[in-house]
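Numbering-wise, the sequence shown is residues 6 to 410 according to my numbering.
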Amino acid sequence: MTTHTQAPVEAQDAHAHVDPVRALIGSQEGSAAPIQTRSERPRSASPADFGVPTGREVNWKHTPISRISSLFEPAGEEGGVSYSFASGGEYGQATLAAGEAPRGEFFEPEDITAAVAGQGAREALHIRLPREAEIAEPIVLDIAGLGAGRRADGYIVVEAEAMSKGTVVLQHTGSADYAQNVEILARDGSQLTVISVQKWADDANHAAAHQARVDRDASLTHFVITFGGGVVRVNPTLELSGQGANGEMFGLSYSDSGQHFESQVYLFHKGADTTGDVLYKSALQGESARSVWIGDVLIGPDATGTDSYEANRNLVLTNGARADSIPNLEIKTGDIKGAGHASATGRFDDEQLFYLQARGISEEEARRLIVLGFLAEIPQRIQVPELQATLIADIEREIAEGVRA
Numbered sequence: 006m007t008t009h010t011q012a013p014v015e016a017q018d019a020h021a022h023v024d025p026v027r028a029l030i031g032s033q034e035g036s037a038a039p040i041q042t043r044s045e046r047p048r049s050a051s052p053a054d055f056g057v058p059t060g061r062e063v064n065w066k067h068t069p070i071s072r073i074s075s076l077f078e079p080a081g082e083e084g085g086v087s088y089s090f091a092s093g094g095e096y097g098q099a100t101l102a103a104g105e106a107p108r109g110e111f112f113e114p115e116d117i118t119a120a121v122a123g124q125g126a127r128e129a130l131h132i133r134l135p136r137e138a139e140i141a142e143p144i145v146l147d148i149a150g151l152g153a154g155r156r157a158d159g160y161i162v163v164e165a166e167a168m169s170k171g172t173v174v175l176q177h178t179g180s181a182d183y184a185q186n187v188e189i190l191a192r193d194g195s196q197l198t199v200i201s202v203q204k205w206a207d208d209a210n211h212a213a214a215h216q217a218r219v220d221r222d223a224s225l226t227h228f229v230i231t232f233g234g235g236v237v238r239v240n241p242t243l244e245l246s247g248q249g250a251n252g253e254m255f256g257l258s259y260s261d262s263g264q265h266f267e268s269q270v271y272l273f274h275k276g277a278d279t280t281g282d283v284l285y286k287s288a289l290q291g292e293s294a295r296s297v298w299i300g301d302v303l304i305g306p307d308a309t310g311t312d313s314y315e316a317n318r319n320l321v322l323t324n325g326a327r328a329d330s331i332p333n334l335e336i337k338t339g340d341i342k343g344a345g346h347a348s349a350t351g352r353f354d355d356e357q358l359f360y361l362q363a364r365g366i367s368e369e370e371a372r373r374l375i376v377l378g379f380l381a382e383i384p385q386r387i388q389v390p391e392l393q394a395t396l397i398a399d400i401e402r403e404i405a406e407g408v409r410a
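Shown next as structure tokens:
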């Protein structure tokens, strides 16, 4: 059984050689039929195979192409970011050249920026959790931009060996134009959490592809938290390949005027008895604030016993802000426990505001409580108390700045 929740927008013969751009956008003559699913998108390590996006392609039509055009060419030797470990550096000392395992074991670029990052990053930083190790403190990698307009390409491999347990945090600050690949391998029985936090300066541009494979009886919890940057596009892919694998994907963004925050999420149930949960939330304030969320869930033909759900919630706080939300669900087997999706975008609830004010709470405090209550669900799922508290404080700061504006 195959169910589509949105009309097909792209298609290709998986065994034929096609020009990826023509496959994605079709042609006026109708010679290229549209691809129907995320899994059928062309993949290649060569940027030339994708061509420069025009904005008509289905995976680029919501992105401000002109603002991130610098990411369509490799960075060369400029070196626009620095890397340093705030904690857990002993687990991330190795580097991997192109073709050196486990780099590339699972990752396959599906757009030009991922191909550029793979080509431009001569060495990949390898963060490895040893077999059966339980790492109590989070491994925290600071990625700092070195200046507005400076280009950088990055590749990070996070590998949790069998039966290991730990948390990896990627923290982005400063300013740069940064194309990044993150390859995540959760081996059999491992329990891994990966948290990507974007606190860039307003003139930074960041395009990242996270691709993760979760093996038998392993678990991956993945977070994308974005508060800063000009254009930030973080697209996570999670494949539940092994029987009994579990995947959770959470996201939080707070977009102000002029900021564009985007995530195209892909959850693929490949193995049997897998469970998946996706929840992304965003708040938007200020004219031209923008968020984009596209969520694709594929339950494959062998993924019997699957239980899956995805949801996106957006809170629009001011006029002129815009949130695009597109959930898609495809099911190729009838033997599942459950699958569903939901999407909701709404303005600030004046009835909730009136209710709180009627009980003696000031309008400013009432607004703070409503927005904080809406967003806090995501950081509360992070099992790192210091980071959780920091993110709650970040939300509070964003709310306060919106009130002052």
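Where a beta carbon is used, it is the ideal one built from N, C-alpha and C, also for glycine. Model, not experiment: these values are computed from the prediction.
| query | result |
| --- | --- |
| For a test of the three-state rule: what should DSSP assign to R133, helix, strand or coil? | strand |
| Could you say which of A153, D207 and F228 lies nearest to R386 if we only look at CA atoms? | F228 |
| Are F112 and Q269 close, meaning C-beta to C-beta below 7 Å? | no |
| Who does W298 pair with in a DSSP beta bridge? | S268 and S330 |
| Would the stretch 185-204 and the stretch 88-103 be scored as touching if the rule is three or more Cβ pairs under 8 Å? | no |
| Throw me the rounded Cβ distance for the V297 and P143 pair, which I believe falls under 8 Å. | At roughly 29 Å, the Cβ-Cβ gap does not stay under 8 Å, so V297 and P143 are not in contact. |
| Take A80 as the anchor and find which of L134, T118 and K275 has the nearest alpha-carbon. | T118 |
| Which residue spans inside the stretch 153-187 form an unbroken beta strand (DSSP E) run of at least 3? | 156-165 and 170-179 |
| Where does G123 fall in DSSP's three states? | helix |
| Near T231, what residues of its chain come up, given a Cβ to Cβ distance below 6 Å and the 5 sequence neighbours on each side ignored? | Q203, V237, S258 and F266 |
| Ignoring anything shorter than 3 residues, give me the beta strand (DSSP E) runs that lie fully in the stretch 64-126, in order along the chain. | 86-92 and 99-102 |
| Using 8 Å as the Cβ pair cut-off and three pairs as the minimum, do the stretch 120-128 and the stretch 245-252 touch? | no |
| Taking 7 Å as the cut-off, decide whether the C-beta atoms of A347 and A308 are in contact. | no |
| Report the partner residues of E128 according to the DSSP bridge assignment. | A102 |
| Going by the DSSP bridge assignment, what does H55 pair with across the sheet? | Inspection of the sequence shows that residue 55 is occupied by Phe rather than by His. DSSP lists no partner for F55. |
| Does S246 come out as helix, strand or coil in the three-state DSSP assignment? | coil |
| Among the candidates R373, S89 and V57, whose CA atom is the shortest distance from the CA of E406? | R373 |
| Over the uninterrupted alpha helix (DSSP H) stretch that includes F379, give me the two end residues. | E368 to L380 |
| Using only the alpha-carbon positions, how far apart do I331 and I140 sit? | 37 Å |
| For A28, count neighbouring C-beta atoms within 10 Å of its own C-beta (all shown protein chains included) and say buried if the count is 16 or more, exposed if not. | Because the pLDDT at A28 is just 38, under 50, the model does not fix this residue reliably, and the value given afterwards should be weighed accordingly. A28 comes out buried. |
| Should G31 go down as buried or exposed, given a rule of 16 or more other Cβ atoms within 10 Å for buried? | Confidence is the limiting factor: at G31 the pLDDT is only 39, short of 50, which leaves the residue's position unreliable and the question unanswerable from this model. |
| Name the residue from T172, L284 and P135 whose alpha carbon lies nearest to the alpha carbon of V145. | T172 |
| Which same chain residues, not among the five before or five after A344, have their C-beta less than 8 Å away from its C-beta? | V302, I304, T311, D312, S313, Y314, L334 and I336 |
| CB-CB under 7 Å to S92, same chain, minus the five flanking residues each way: which ones, in chain order? | E142, P143, I144 and V145 |
| Can you tell me which of T338, L392, G94 and S71 puts its alpha carbon nearest to the alpha carbon of V163? | G94 |
| Could you tell me which residues DSSP pairs with D147 in its beta bridges? | S89 and Q176 |
| Measuring CB to CB, does L380 end up less than 7 Å from A371? | no |
| Can the beta-carbon of G1 be found closer than 7 Å to that of A157? | Nothing can be reported for residue 1, as the shown portion of the chain is limited to 6 through 410. |
| Check whether the Cβ atoms of R48 and E115 lie closer than 7 Å to each other. | yes |
| Might you give, ordered along the chain, the residues of its own chain that have their beta carbon closer than 6 Å to the beta carbon of D329, omitting 5 neighbours on each side? | H67 and V297 |
| Decide if R127 is buried, meaning its Cβ has at least 16 other Cβ atoms within 10 Å, or exposed. | exposed |
| Quick check on DSSP: helix, strand or coil for L29? | In this prediction, L29 has a pLDDT of 41, which is less than 50 and means its spatial position is unreliable; nothing more can be read from the coordinates. |
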